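**Student:** Here my numbering is used: the first residue of the sequence shown is 386, the next is one more, and so on.
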Amino acid sequence: MRIAIGADHGGYELKQQIADFLIAQGHQVQDFGTHSPESVDYPDFAAPLARAVVAGEFERGILICGTGIGMSIAANKVRGARAALCTDCYMAHMSRQDNDANILCLGGRVLGLGLALDIVQVFLNSEFLGGHHTRRIGKIRALDEERG
């Protein structure tokens, strides 16, 4: 799977660990930065990654900041992005199954490595169910269109 990954300084260390984990599993990973623990602004990484995922360049995206909140807010400003902040495996599964989330957001300062890797695995391995959920995703798309 082609996966885009990005972080600000608060998620830098976890991003590196997740990227290594994904590469070891055979995924193709593109790192959108940041490339150091120096302070940066999360929207500068969320927007380009979200645009690339929405454009179909990647099957999924992963964004990490200190809590995951800033990244999820910023990514969801990109039309077509469905970025889900997940703090456990159930949320990751449901974000894919019911909401067809295309970007996973994580908190580098609130999750341990083991849990974060489990969440990533569930997010990547869960599929959208479709059915009545498709109607709901259509309504989300309509909201995107309202924004212009």
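All residues carry an ideal CB built from backbone N, CA and C; glycine is no exception. Since this is a predicted model, take the numbers as computed values, not measurements.
Between Arg481 and the rest of its own chain, which residues show a CB-CB distance below 7 Å, the 5 nearest in sequence each way excluded?
**Tutor:** Correct list, in chain order: Phe508, Ser511, Glu512, Phe513.
**Student:** Do Ala435 and Val463 come within 8 Å of each other at the CB atom, strictly closer than that value?
**Tutor:** Going by C-beta atoms, Val463 is nearer than 8 Å to Ala435.
**Student:** With distances taken between CB atoms, is the gap from Asp393 to Val438 smaller than 8 Å?
**Tutor:** In this structure, Val438 does not lie closer than 8 Å to Asp393 by Cβ.
**Student:** Just to confirm the assignment, what range does the beta strand (DSSP E) spanning Gln413 have?
**Tutor:** It spans 413-416 - the beta strand (DSSP E) in which Gln413 sits, taken as one unbroken run.
**Student:** Taking DSSP as the reference, what is the three-state secondary structure of Leu470?
**Tutor:** In the structure shown, Leu470 sits in a strand (DSSP, three-state: E or B).
**Student:** In angstroms, rounded to a whole number, what distance separates the CA positions of Ala440 and Cys490?
**Tutor:** Computed Cα separation, rounded: 18 Å.
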